[in-house]
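Per the working numbering, the very first residue in the sequence shown carries number 65; after that it's consecutive.
From the three backbone atoms N, C-alpha and C, an ideal C-beta is built for every residue, glycine too.
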Amino acid sequence: MKILGSGHYVPHTKVTNDDLAKIVDTNDEWISSRTGIRSRHISDGEEASDLAANAAMEAIKDSGLNATDIDMILLATLTPDRMLPNCACTVQKKIGAVNATCFDINAACSGFLFALNTANAYLTAGMYKNILVIGTETLSKVTDWSDRSTCVLFGDGAGAVVVTADDSKSFYAVTGADGVKGPVLAGASTPLRNMLIKGNDDENLADSYFMKMDGQEVFKFAVTKVPECIGQVLEKADVAVEDIDLFVLHQANIRIISSVSKRLGVDPEKFPVNLHKYGNTSAASIPILFDELRKSGALDNAHKIVLSGFGGGLTWGASYIEL
Ligand code: ACO
65 MKILGSGHYV PHTKVTNDDL AKIVDTNDEW ISSRTGIRSR HISDGEEASD LAANAAMEAI
125 KDSGLNATDI DMILLATLTP DRMLPNCACT VQKKIGAVNA TCFDINAACS GFLFALNTAN
185 AYLTAGMYKN ILVIGTETLS KVTDWSDRST CVLFGDGAGA VVVTADDSKS FYAVTGADGV
245 KGPVLAGAST PLRNMLIKGN DDENLADSYF MKMDGQEVFK FAVTKVPECI GQVLEKADVA
305 VEDIDLFVLH QANIRIISSV SKRLGVDPEK FPVNLHKYGN TSAASIPILF DELRKSGALD
365 NAHKIVLSGF GGGLTWGASY IEL
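Structure below.
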């Protein structure tokens, strides 16, 4: 599988740590020392499909194709505009990709990796030719803005790539899930409400709507599972860890990224970071960083790349790609 083009888009409104200190009891020193995050972009009206459409149009332009050449759109999100129609169909309409079949994938912050893996399967099977893979999130709408332990972590944004089949570029992936640990990071419940069920009143619904997280459990899970699945994907690809040019990790916390670099015994310089600008944008974080690296020339001499992430579900994944 070959990446033909990439793009990203974030909402224009930047919210700094000092801005957040005006609405919850926090400060820049706490947030930046514990997470590495300095600011994030928050939507003042654009939906996940708007962010995605902007990133997608940039990726399609970068690929040299037209929107009508795209025959599949795979969109990873945990914050779609609505449940129906799916967000991929809404993006299809916005970008005029009339020949694409479209569906969403939800694997939380690992969603883009799951979608890329799915794209590879369709390409390998010869069923589709040019696939647009998107990660997009408006996490701000499932964030409890009165909870300082979570609201400082997240941001909105979208990233996209266009991929096609190419036998000369290897692609390997590992994905996994542990539903038993789901409650460690959960939110936006939509309880069953019908004429047979009593008690799901609006107050209960509001209480269960926001993301809730056991930060320390997620931290422990991430620092063990990410190096483990990177090891597994490199074994599959038969590539040594020292031969990887760059590791593009999910941007959740600088301390998680540093710990992964230490556990793998790899120079931290091989782990580019942009979480200080965007916070954790869930399914969008890997494609946003990938696109920034590509446009900045940082990938010009990079041939072997690993993408890896973790998230709600719990889910995790790692992909080995060749540029
Ligand atoms: N500002 C100031 N103080 C705060 C804040 C804040 N924003 N948030 C929490 N605190 C306080 C707590 O109340 C607590 O105070 P106490 O000691 O008086 O009780 C103290 O700081 C320490 O809180 P901890 O939760 O123990 O802090 P910790 O060092 O674990 O850091 C953090 C919290 C940053 C969330 C960390 O656990 C972490 O990064 N976990 C991983 C989270 C993550 O990556 N989530 C996303 C992954 S999945 C996805 O991407 C959707």
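| Item | Value |
| --- | --- |
| Those residues which DSSP pairs with Glu122 across a bridge | None; Glu122 has no bridge partner. |
| Distance between Met191 and Leu298 (C-alpha atoms, nearest Å) | 27 Å |
| Test item: CB-CB of Ala123 and Ile137 under 7 Å | no |
| Within-7 Å CB hit, Pro247 to chain C | The structure shown contains no chain C; it holds only a single protein chain. |
| From Phe354, Asp242 and Ser113, residue whose alpha carbon lies closest to that of Asn338 | Phe354 |
| contact_flag[the stretch 103-121, the stretch 230-250] where n(CB pairs < 8 Å) is 3 or more | no |
| Glu281 vs Val248 beta-carbon contact at 7 Å | yes |
| Option nearest Thr253 by Cα separation, candidates Lys276, Ala119, Asp168 and Gly100 | The residue asked about is misnamed: residue 253 is Ser in this sequence, not Thr. The option with the nearest alpha carbon to Ser253 is Lys276. |
| Residue closest to His388, alpha-carbon to alpha-carbon, out of Ser210, Thr165, Gly381 and Val312 | The requested residue 388 does not occur in the structure, where the chain is confined to residues 65 to 387. |
| Meets three-Cβ-pair contact criterion under 8 Å: the stretch 303-323 and the stretch 182-197 | no |
| Every unbroken beta strand (DSSP E) inside the stretch 277-329 [3 residues or more] | 310-313 |
| Pairwise C-alpha distance: Ser113 and Ser204 | 14 Å |
| Distance CB(Ala117)-CB(Val155) smaller than 7 Å | yes |
| Near ligand 1: Ser204 beta-carbon under 6 Å from a heavy atom | no |
| Whole-Å CB distance - Gly175 paired with Gly199, under 8 Å assumed | 6 Å |
| Endpoints, alpha helix (DSSP H) assigned at Trp94 | Asp92 to Thr99 |
| DSSP beta-bridge partners of Asn344 | Phe218 |
| As assigned by DSSP and simplified to three states, the class of Ile352 | helix |
| Close-in-space but distant-in-sequence residues of the same chain around Val324 (CB under 6 Å, 5 per side omitted) | Val290 and Pro291 |
| Under 7 Å between C-beta atoms of Ser346 and Glu111 | no |
| Whole-angstrom distance between Ile352 and Met65, CA atom to CA atom | 19 Å |
| Limits of the unbroken alpha helix (DSSP H) element including Ala185 | Gly175 to Thr188 |
| Contact test: Cys293 Cβ vs ligand 1 heavy atom, cutoff 6 Å | no |
| Arg358, buried or exposed, once every other Cβ within 10 Å from all chains shown has been counted against 16 | buried |
| Same chain, Cβ closer than 7 Å to Ile321, neighbours up to 5 away in sequence not counted | Leu313, Phe335 and Val337 |
| DSSP three-state assignment for Asp83, whether helix, strand or coil | helix |
| Which listed residue (Lys78, Ile67, Cys293 and Val287) has its alpha carbon closest to that of Asn220 | A quick correction: the sequence has Asp, not Asn, at residue 220. Among Lys78, Ile67, Cys293 and Val287, the Cα nearest to that of Asp220 belongs to Lys78. |
| Cβ neighbours of Leu187 in the same chain (closer than 6 Å, five flanking residues each side left out) | Met65 and Ala229 |
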